[in-house]
Amino acid sequence: MRGAQGETCTAETLAAALRAAAAVIAEHRVELIDLDRAIGDADHGENMDRGFTAIVSALDTATPETPAAVAKLAATTLISKVGGAAGPLYGTAFLRASAKLGDAAEVDGRLLVEALRAALEGVQARGKAVGGDATMVDALIPAVSAAEEAGDAEIATILTAAADAADKGAESTVDLVPRKGRASYLGERAKGHMDPGARSTALLLRAFAEAAK
Amino acid sequence: MRGAQGETCTAETLAAALRAAAAVIAEHRVELIDLDRAIGDADHGENMDRGFTAIVSALDTATPETPAAVAKLAATTLISKVGGAAGPLYGTAFLRASAKLGDAAEVDGRLLVEALRAALEGVQARGKAVGGDATMVDALIPAVSAAEEAGDAEIATILTAAADAADKGAESTVDLVPRKGRASYLGERAKGHMDPGARSTALLLRAFAEAAK
Amino acid sequence: MKKIINDPKTVVAESLRGLAAAHADVLRVEDDPAIVVRVDAPVAGRVAVISGGGSGHEPLHGGFVGHGMLTAAVPGAVFTSPTPDAVEAAVKATTGDAGALLIVKNYTGDVLNFETAAELAAAEGLDVRSVVIDDDVAVKDSTYTAGRRGVGGTVLLEKITGAAAERGDSLDAVEALARKVIGQVRSIGAALTAPTVPHAAEPSFDLAEDEIEFGIGIHGEPGIERTAVVTADELVARMVEAVVTDLPFAEGDKVLLFTNSMGGTPLVELYLAHGIAERLLAERGIVVERRLVGPYITSLEMQGMSLTLLKLDDELTELWDAPVNTPALRWGV
Amino acid sequence: MKKIINDPKTVVAESLRGLAAAHADVLRVEDDPAIVVRVDAPVAGRVAVISGGGSGHEPLHGGFVGHGMLTAAVPGAVFTSPTPDAVEAAVKATTGDAGALLIVKNYTGDVLNFETAAELAAAEGLDVRSVVIDDDVAVKDSTYTAGRRGVGGTVLLEKITGAAAERGDSLDAVEALARKVIGQVRSIGAALTAPTVPHAAEPSFDLAEDEIEFGIGIHGEPGIERTAVVTADELVARMVEAVVTDLPFAEGDKVLLFTNSMGGTPLVELYLAHGIAERLLAERGIVVERRLVGPYITSLEMQGMSLTLLKLDDELTELWDAPVNTPALRWGV
Ligand SMILES: Nc1ncnc2c1ncn2[C@@H]1O[C@H](COP(=O)(O)OP(=O)(O)O)[C@@H](O)[C@H]1O
Ligand SMILES: Nc1ncnc2c1ncn2[C@@H]1O[C@H](COP(=O)(O)OP(=O)(O)O)[C@@H](O)[C@H]1O
Ligand SMILES: [Mg+2]
Ligand SMILES: [Mg+2]
Ligand SMILES: [Mg+2]
Ligand SMILES: [Mg+2]
């Protein structure tokens, strides 16, 4: 997400980051399906792949002019193409982030961190999950905290810190007894499995971090 | 089927032979199911076992006084308890044999051979199968011929000759392309498999032969 | 193979108990020998339409007992045709002066057992006729063989003759109608998996993950050909070709298209296949005027499907549309 | 796992084409977003009853569209709830002044997507209410969790609310009725095998030949407990116990008993299980007044069954008996 000056993110760099994320999701499609098969309904990889493939198509035909407009395009595409739990939750995340970005043509690290915080709040507002429920929220909470701690750093640094924390957060879901989403039906039996949405959150943040380098 | 004099068959010895046959069929139930599974509908062993178990029950409660009456009890039991192709065909075999036996209290070798011939004719009249169609008829035809050739011998000798020939006849069905029964639907694909009804005919004749020793 | 049963030997009897409990308004089950009979049978002045065969093909036949379809059904053991005394009991329970038509699927066992029953009933002075349905184009017909199997066409035959009997047609008329239907109905089946009969430990045949059986029957017999898995488009095209060219069905023909699940095929796949068949028939100029889609003649849990085409005319269409009230087919009432 | 499909990505769209072709007298399918709509919708002066969810549960929901039941169904991808714009399209296609009731099965995805759709529709001035059904007793309810799943009770809810809408009840009345049904319906499921979603290479869970999953949902999620294979008597007894004690249902209660196949279970087994359930309920003095037996809410080719009990009163019985004309449920018309 390196901007012209290497320190901000533009509509173009955000779009490029989303394309990179789509490639990563496609690559991990089967892994996400397998994670969801173990404790859910075996569709998370398919859902995410359908959504991000649709984002790429949308970016091929539209050229949103601000980072907020790019995020909004991602949001509406996810909401209208994904379905399931992941569609509305990730859709809301991008929608809230977009709102936070306003009409800035370039987004600096500080605004980016605020947008990440807004995304997390959106997911929690819609899904009512708190930390420890074994959902994507368990990847997002530490990611946003780490991003906030990274503070005024370069965007790549901020996102790398977030991705690292998200990885650990996703890892932490392995030992949890899920209380939200499909895995909650399994109770204790879900222990020992990573939450697929936490994993996809970590994958997305890593893709964004790599794109920003 | 050794009679009092060791050379004729009575109601009692025929009943004993049927009980022995029931034990043999029960023992080979799974084998017959497996043969039928390969080229048919996987029920021949179950059908035969149900039928012969019912014959044993019938013999437990009734005491038919002539060999013909015993054969008739077997016939009606098979017809009313087995169903499928095997029920009417074996039922007819015993019915025709019973008719041939008349009201004789003791059956000698010569009459037994005539009864076997009548049984074969009954099966062919009902099922319209000829030799080479890959059915029980391919065990029965050589068995009856061998019995006829054994002529005036002891009953055990006659039946052993018939059983030996039936074994070979059953074996011969392995290389045939079936034209009757369920296996005919498979055409060439049925080659390489023994016909389950031919096998059960050979088993029955062997059980009778052993009982007569 | 796991099953929801207590004991392989009591599966049919126990299942009939559930059928009777579920549909007491339409049918009753009599025991020993077990038969399924229309609740209001015998129906005075009406031909009794009776069918039966091995169990494991449900809803065939018991699920088709009721107003406007079968008067009685005779369930044998799983995949084993019923015995003559059971068929005779069904005839006696339902047959009056109007007589009875026995619908027999062409299998050696069914033909022999129903034949004997018909003789027994005739000896008691009842007017009983039999028709043998053999609509499966997978098997090449010949006088030297057991001939074609009776499969999907049986469902349509039972509905149409049942409707004729219900409106009061004579036995002669119902029999003639049955022969007409048999003359213009054709089917073909394909399997993705094999069924497992309750008394057997293993599936009736083994199919690899990339194989299907083409031209199967309804008893777990292997088909006429084992081929690689193909797309739904290819599979249905092959099935349509086999059925259409057999009768043959010609451009302009009006037909009933029956897309049947062998039991274990999800409805989402069955409708997908049905849609393809509709398109292919339209391309050939064959006009689908009526359709039936669902699991109506099955082979336990077998995954797969069959296609049946019946050439329609005004009479057959009217009889197909006539009211029917059975557990498995119900309309117009 | 073999399937009769062309491409996992087009399964639902192609299947809907077959559904539309097979039942053009009852429903129509609109594309992009895909929805299934009663052929005569919008019906003036009648509340629209709309449901939907992931595909793979057929006949639910598309097979219940028609006179006296659903006004529209919104099919998502296999096991994936539909998106808000598809739900909104269904609302717009069917909803007039009388308003619409959305029947939502309690899954996070369904709740979120339908919620958004309801907001969008309300913003357009339409009177849209939602009810969430959560009848699965396998999941212990709690405000801190996703809560109970919506399963078999959904079928009964759709029939009863559809009948109320058909007779002209107001949206307030239909909504209140829906809440009443939800309050007195309970279900439990068990699986012998797992389904395989078309886009996945493997079954959703692995079960050994001697294991079953107790307390499963309809999406191939594992159940609450893996146990050894038991007899049908034991399995059904456990299921009846779980359902009866939850509400609880008491001696003298009149109920509708719904014995449902998860898709791949042969009817001969399902009726056997139904017979056992009837007997066990009779032993408890619970009076089975109505029953439904068959594959009505499935999980692709999964073998297994669910039991649903709905406490009846005169109003519910009358609405259950009211005429219905859909692909999968039809009587009285
Ligand atoms: N209430 C919730 N709050 C936050 N995240 C949730 C919630 N429910 C589910 N999720 C996330 O959604 C993921 C599942 O997404 P997906 O499989 O696409 O949808 P579905 O569960 O509808 O099949 C879970 O792994 C979890 O991370
Ligand atoms: N037309 C026939 N003539 C003689 N024997 C026959 C004929 N048809 C079938 N059979 C015999 O019956 C056997 C099958 O019996 P069984 O499996 O009990 O009945 P079904 O074929 O009805 O399942 C075959 O193996 C064959 O030997
Ligand atoms: Mg999922
Ligand atoms: Mg057999
Ligand atoms: Mg058989
Ligand atoms: Mg899902």
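Protein chains in written order, with the UniProt record's numbering: chain A, 1 to 213; chain B, 1 to 213; chain C, 1 to 333; chain D, 1 to 333.
No residue lacks a Cβ here, since even glycine has one placed at the ideal position from N, Cα and C.
Here Ser-51 (chain C) carries a strand assignment [DSSP, helix/strand/coil].
Cβ atoms of Gly-56 (chain C) and Pro-266 (chain D) come within 8 Å of each other, at about 7 Å.
When C-beta distances to chain A are compared with 7 Å, the residues of the segment 128-157 of chain D below that value are Val-139, Tyr-144, Thr-145, Ala-146, Arg-149, in chain order.
The beta carbon of Gly-189 (chain D) sits closer than 6 Å to those of Ile-216, Ser-306, all from its chain and outside the five residues before and after it, given in chain order.
With fewer than 16 other beta carbons inside 10 angstroms of its own, Lys-140 (chain C) counts as exposed. Assigned with DSSP and collapsed to three states, Leu-309 (chain C) falls in strand. Closest in alpha carbon position to Thr-326 (chain D), among D:Leu-281, D:Lys-9, D:Ala-22, D:Arg-17, is D:Ala-22. Non-local beta-carbon contacts of Leu-329 (chain D) in its own chain, meaning distances under 7 Å to residues more than five positions away in sequence, involve Phe-64, Met-69, Lys-159 in chain order. Within the segment 158-187 of chain B, those residues whose Cβ lies closer than 9 Å to any Cβ of chain C are, in chain order, Pro-178, Arg-179, Lys-180, Gly-181, Arg-182, Ala-183, Ser-184, Tyr-185, Leu-186, Gly-187. Under a 10 Å Cβ-count criterion, Lys-213 (chain B) is classified as exposed, with fewer than 16 other Cβ atoms of the shown protein chains found around its own Cβ. In the three-state DSSP reduction, Asp-31 (chain C) falls in the coil class, being neither helix nor strand. Using a Cβ distance threshold of 7 Å, Val-49 (chain C) and Thr-161 (chain C) count as a contacting pair. Close partners of Leu-272 (chain D) in chain C (Cβ separation under 7 Å): Ile-4, Ile-5, Val-11, Glu-14, Ser-15, Gly-18. Boundaries for Phe-79 (chain D): no alpha helix (DSSP H) harbours it, and the DSSP string shows neither H nor E there. Judged by DSSP in its simplified three-state form, Phe-205 (chain C) adopts coil rather than helix or strand. Among the CB atoms of chain C, one or more fall inside 7 Å of the CB of Ser-55 (chain D). Chain B has no Cβ within less than 7 Å of the Cβ of Glu-213 (chain C). Sequence-distant partners of Asp-169 (chain C) (beyond 5 residues in either direction) whose C-beta falls short of 8 Å from its own C-beta, in its chain, are Val-47, Leu-177.
Taking all protein chains in view, the Cβ of Ser-81 (chain D) is crowded by 16 or more other Cβ atoms within 10 Å, so the residue is classified as buried. With respect to chain A, the C-beta atom of Thr-80 (chain D) has a partner C-beta closer than 7 Å.
Between Ile-4 (chain D) and Ala-232 (chain C), the C-beta gap is smaller than 7 Å, which places the two residues in contact. With contact defined as three or more Cβ pairs closer than 8 Å, the segment 14-34 of chain C and the segment 269-283 of chain D are in contact. Shown here, Ala-190 (chain D) sits in a strand according to DSSP, grouped into three states. Taking a C-beta cut-off of 9 Å against chain C, the contacting residues of the segment 253-264 of chain D are Leu-257, Thr-259, Gly-263, Gly-264, listed in chain order. Straight through space, the alpha carbons of His-61 (chain D) and Arg-189 (chain A) are spaced by roughly 30 Å. DSSP places Gly-51 (chain A) within a helical segment (H, G or I) once states are collapsed to three. Leaving aside the five residues that flank Asp-206 (chain D) on each side, the residues in its chain whose CB is nearer than 8 Å to its CB run, in chain order, Ala-194. Listed in chain order, the alpha helix (DSSP H) runs fully inside the segment 60-87 of chain B are 67-81, counting runs of at least 4 residues.
In the displayed model, Thr-154 (chain D) falls within a helix according to three-state DSSP.
Cβ atoms of Ala-200 (chain C) and Ala-42 (chain B) come within 8 Å of each other, at about 5 Å. At a cut-off of 7 Å between beta-carbon atoms, Asn-106 (chain C) makes no contact with chain B.
Proximity of the beta carbon of Asp-34 (chain B) to ligand 4 is not indicated: no heavy atom of the ligand is located closer than 6 Å. At a cut-off of 7 Å between C-beta atoms, Trp-331 (chain C) counts as an interface residue with respect to chain D. The criterion of a C-beta distance shorter than 7 Å is not satisfied by Leu-89 (chain B) and Arg-199 (chain B). The three-state reading of DSSP puts Asn-106 (chain D) in coil, since its state is none of H, G, I, E or B. Within the DSSP secondary-structure output, Thr-259 (chain C) pairs in a beta bridge with C:Val-293, C:Leu-307.
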